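So the mapping is simple: the numbering used here equals the position in the sequence shown, first residue as 1, plus 202.
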Amino acid sequence: MNLAKYLEISKEVREALENNKPVVALESTIISHGMPYPQNVETALKVEEIVRENGAVPATIAILNGKLKVGLSKEEVDYLGKKGLEVTKASRRDIPAILASEDDGATTVASTMIIAALAGIKVFATGGIGGVHRGAETTMDISADLEELAMTDVAVVCAGAKSILDIGLTLEFLETKGVPVLGYQTKELPAFYTRKSGFKVDYKMDTPEQIAKTLKAKWDVNLKGGVVIANPIPEEFAMDFDTITNAINNAVAEAEEKGIKGKDSTPFLLAKVKDITKGKSLESNIQLVFNNAKLASEIAKNYCEL
203 MNLAKYLEIS KEVREALENN KPVVALESTI ISHGMPYPQN VETALKVEEI
253 VRENGAVPAT IAILNGKLKV GLSKEEVDYL GKKGLEVTKA SRRDIPAILA
303 SEDDGATTVA STMIIAALAG IKVFATGGIG GVHRGAETTM DISADLEELA
353 MTDVAVVCAG AKSILDIGLT LEFLETKGVP VLGYQTKELP AFYTRKSGFK
403 VDYKMDTPEQ IAKTLKAKWD VNLKGGVVIA NPIPEEFAMD FDTITNAINN
453 AVAEAEEKGI KGKDSTPFLL AKVKDITKGK SLESNIQLVF NNAKLASEIA
503 KNYCEL
């Protein structure tokens, strides 16, 4: 396998991995598609700073000029932020064409997991995972994130499933694929903007050490696939459950009217929710990512010590 032709790991990340130091993978779709410039770049660099402050090395992942990049420079983060929506939102299916055409791609949860695994990174922090979309029983609209979690040995720290999804069906899909859903200090799966969803996680975990031991046990016995680590948004930044539910229901109805589906549905719905909540949902989004970066760093540190 001629991986060296495609994979570029930064010096800092490579040295950390070679010396069994904790590394946390970070996605790049949040930079290109998550928010406007320069707020997107400021947020991405702040997430990296939080990872460092908590004793780990950040590895922001993207595809640039046909290379799988693990660990971006500030200039590369800025480039992605300025290019914004012009960058292809790259999931598993998009990687070969982007590599072959020497193009750029912002990585989703699925593609970040793939590239992190190629580099040997075990822990990844993001906002929320994709899942089964509402009405998927007729549209078959199911995020590639779920299949990736079934196949790829990377733990994903998130604030649960995005609340625009059918959370019950998302959990059913993960159960079928044998993906453990661990709640950090919670028995209930958080729903991105809110700490509650009405659905239970598989196991409540009280410490980062307990989570790290669970990851090690899973992969030591060769149980393939990832783990969802659900970390509720901090109380002070959580949104009112009824307010956010109504906003999402209105956004979903508008998306159906306009025939918006597939990979276009998530950015549309998140943008509509932001408008309906007068920007409060974006601030919540940023804060939950910061919170996930902190927990991911703690888990990565504990995993390296096992």
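Here a beta-carbon is modelled for each residue, glycine too, at the ideal position from N, C-alpha and C.
Note that the structure is a prediction, hence the values are computed from the model and not measured.
Given that a residue counts as buried once 16 or more other Cβ atoms are within 10 Å of its Cβ, and exposed if not, what is residue i?
i              : result
aspartate 477  : exposed
methionine 342 : exposed
glycine 332    : buried
serine 212     : buried
glutamate 500  : buried
aspartate 347  : buried
How many Å lie between residue i and residue j at the Cα?
i              : j             : result
valine 272     : valine 325    : 13 Å
leucine 472    : alanine 453   : 8 Å
alanine 312    : glycine 362   : 15 Å
valine 226     : glycine 337   : 34 Å
methionine 315 : glutamate 350 : 7 Å
glutamate 229  : cysteine 506  : 21 Å
lysine 420     : lysine 426    : 8 Å
leucine 182    : alanine 449   : This structure cannot speak to residue 182, because the chain is shown only from 203 to 508.
glycine 236    : proline 410   : 28 Å
isoleucine 317 : glutamate 220 : 17 Å
Below 8 Å on the Cβ atoms is my guess for residue i versus residue j; work out the distance and round it to an integer in Å.
i           : j              : result
valine 475  : serine 483     : 5 Å
valine 403  : alanine 432    : 6 Å
alanine 246 : isoleucine 233 : 5 Å
glycine 329 : asparagine 487 : 6 Å
valine 249  : alanine 495    : 5 Å
serine 399  : isoleucine 369 : 5 Å
proline 240 : glycine 283    : 7 Å
Helix, strand or coil, according to DSSP, for residue i in the structure here?
i                 : result
phenylalanine 326 : strand
valine 423        : coil
glycine 307       : strand
proline 436       : coil
isoleucine 431    : strand
glycine 385       : strand
glutamate 288     : helix
threonine 245     : helix
lysine 476        : helix
isoleucine 232    : helix
leucine 209       : strand
lysine 402        : strand
isoleucine 366    : coil
isoleucine 413    : helix
isoleucine 331    : strand
Following the continuous alpha helix (DSSP H) through residue i, name the residue where it begins and the one where it ends.
i              : result
methionine 237 : Methionine 237 -> no alpha helix (DSSP H), and no H or E assigned at all.
proline 298    : 297 to 302
serine 486     : 482 to 506
State the start and end residues of the unbroken beta strand (DSSP E) segment that holds residue i.
i             : result
tyrosine 405  : 405 to 407
leucine 391   : Run containing leucine 391: none; DSSP gives neither H nor E here.
glutamate 374 : Note, glutamate 374: premise wrong, no beta strand (DSSP E); alpha helix (DSSP H) at 369 to 378.
lysine 269    : 269 to 272
threonine 262 : 259 to 266
alanine 357   : 357 to 360
Please check if any C-beta of chain D sits within less than 9 Å of the C-beta of residue i.
i          : result
serine 365 : Absent from the structure: chain D. Only one protein chain is present.
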